[in-house]
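In our numbering, the protein residues as written are 5 to 67.
Here the structure comes first, spelled out in structure tokens, and everything after it is commentary.
Structure below.
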């Protein structure tokens, strides 16, 4: 059986991989930060941002 040693993922797949990786790192960091600001007036904005980025990461994950 012959194998292709120059095989690699296409550009879109690699781009999606890194976008999802950075989104997840950002989501984890934002989640840790949000635990310290629960009672502050602008905390709602961070919670909405966290939910939006989580939804984007989930959509990219199924793409």
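All C-beta atoms in this analysis are idealised placements derived from N, C-alpha and C, irrespective of residue type, glycine included.
- Taking each of 24, 16 and 10 in turn and checking the Cα distance to residue 59, the smallest one comes out for 24.
- Using a Cβ distance threshold of 7 angstroms, residue 64 and residue 28 do not count as a contacting pair.
- In the three-state reduction of the DSSP assignment, residue 67 falls in the coil class.
- Collapsing the DSSP output to three states places residue 54 in a helix.
- Taking C-alpha positions only, residue 50 is separated from residue 32 by approximately 13 angstroms.
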